[in-house]
Amino acid sequence: MGKHMYPPAPDMRKADTQNLSDGELFYIIQNGIRLTGMPSWGNGTTHDDQDSWKLVRFIRHLPKLTPQEEQEMQELNPKSPEELKEEQEEREFLNGGQSDERTKQSHEHNQHSHQH
Ligand code: HEM
0 MGKHMYPPAP
10 DMRKADTQNL
20 SDGELFYIIQ
30 NGIRLTGMPS
40 WGNGTTHDDQ
50 DSWKLVRFIR
60 HLPKLTPQEE
70 QEMQELNPKS
80 PEELKEEQEE
90 REFLNGGQSD
100 ERTKQSHEHN
110 QHSHQH
C-alpha cells in the first residue's frame, strides 16, 4: 500500500527507522507524520498506548524475522475472493486437476491401498 505514496512508506528494517529511539517510534505511531501518508494511530487511551508500545517492539523485531514468521504473517493477511479462488485452483492442480469431490473419493480409495 505504501509503495504508491509520496513520500513512500519506509522499509522499517533499515537503519533510518531502526536508529530511532523507542520513544521516537512510539511518538510517530501515536501522532503520525504531518504532510505524509503516515496516519496517527493514537486516541489517548491507555489501551492504545499499550498497543503502540507493542508496535515499537514489533518494528524492532522486523530485521530479525524468520522465514517461518513471515509465512505465518502472510497467512494472516486478509485475502480477496480472487486470491481464494486462485489458491483453490492451485490446490486442485496439485491434486492432479481433480475437483474437490473427486479428491475426497480418491482419498477413500487410498486408505485401502495405503498410498498416502
Ligand atoms: C501499524 C501500522 C503502522 C506503523 C506501526 C507505522 C509506523 C511508522 C513509523 C515508525 C514511521 C517512521 C519510520 C521512519 O521514519 O523511518 C512511519 C513512517 C511512514 N508511514 Fe507508517 N506505520 C504504519 C502504517 C502506515 C500506513 C497504513 C501508511 C500509509 C497508508 C503509512 C505511511 C507512512 C509514510 C508515508 C511514512 C514516511 C513518512 C516520511 O517519510 O516522512 N504508515 N510509519
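For the sequence shown, the residue numbers in numbering that gives the first Met the number 0 are 0 to 115. Ideal placement from N, C-alpha and C gives every residue a C-beta, glycine not left out. From a predicted model like this one, the values you see are computed outputs, not experimental measurements.
Cα-Cα separation between residue i and residue j, rounded to whole angstroms
i     : j     : result
Asn76 : Gly95 : 28 Å
Gly31 : Pro66 : 29 Å
Lys63 : Gln87 : 32 Å
Arg59 : Thr35 : 22 Å
Ser79 : Glu91 : 19 Å
Asn18 : Leu24 : 10 Å
Local conformation of residue i per DSSP, three classes
i      : result
Thr65  : coil
Ala8   : coil
Arg33  : coil
Lys187 : This structure does not reach residue 187, given that the chain is present from 0 up to 115, and the question cannot be answered.
Close Cβ partners of residue i (< 7 Å) along its chain, the five nearest in sequence each way excluded
i     : result
Asp47 : Gly41
Pro9  : Asp15 and Thr16
Cβ-based neighbour list, residue i, same chain, cut-off 6 Å, excluding 5 preceding and 5 following
i     : result
Leu54 : Ile28
Met37 : Gly31
Arg12 : Leu61 and Pro62
Extent of the continuous alpha helix (DSSP H) to which residue i belongs
i     : result
Asp47 : Thr45 to His60
Pro80 : Pro80 to Leu93
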